[in-house]
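Residue numbers for the sequence shown follow full-length UniProt numbering, so the first one is 1 and each next one is one higher.
Backbone N, C-alpha and C define an ideal beta-carbon position, used for all residues, glycine too.
Note that this is a predicted model, so its numbers are computed, not measured.
Input: a single structure, listed below in structure tokens.
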Amino acid sequence: MPKLRTSEFLLIIVPLLVSVVLYPFLPSTVPRHFGINGEVSYISKDFIFIFSFVPFLAYKLHKYKERLKK
């Protein structure tokens, strides 16, 4: 199993810590986007934890694509 580097560790921990700190201050539903007719759609505030892993996944995808170029 490959070793987790410091930059990868920070990309997991920092967004997760921010999510944990902000979670109590969020309303029960959070606006997600505006539809074509201007109507807002909402998601549960629990999805903030899923979104906190997006930077890490983007980083890993970038590293994978770099490795394929070589």
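Among I13, Y42 and F53, which one has its Cα closest to the Cα of V30?
-> Residue 30 sits at position 30 when you count from the first residue of the sequence shown. The candidate whose alpha carbon is nearest that of V30 is Y42.
Distance between L68 and residue 138 (C-alpha atoms, nearest Å) = As shown, the chain starts at 1 and ends at 70. That puts residue 138 outside it, with no answer to give.
Which of helix, strand or coil does DSSP assign to I13?
-> Counting from 1 along the sequence shown, the entry for residue 13 is found at position 13. In the structure shown, I13 sits in a helix (DSSP, three-state: H, G or I).
Determine the direct distance from the alpha carbon of S52 to that of H33, and round the result to whole angstroms.
-> Here residue 33 corresponds to residue number 33 of the sequence shown, with the count starting at 1. Here residue 52 corresponds to residue number 52 of the sequence shown, with the count starting at 1. Rounded to the nearest angstrom, the two C-alpha atoms are 18 Å apart.
Run through DSSP, which three-state label would S44 get?
-> In the sequence shown, counting from the first residue as 1, residue 44 sits at position 44. Here S44 sits in strand by DSSP.
Less than 9 Å separating the beta-carbons of Y64 and L11?
-> Mapped onto the sequence shown, residue 64 falls at position 64. Mapped onto the sequence shown, residue 11 falls at position 11. It is not a contact, given that the beta carbons lie outside the stated cut-off.
Using DSSP with H/G/I as helix, E/B as strand and the rest coil, what is P31?
-> Within the sequence shown, numbered from 1, the residue matching residue 31 stands at position 31. Note: P31 maps to strand in three-state DSSP.
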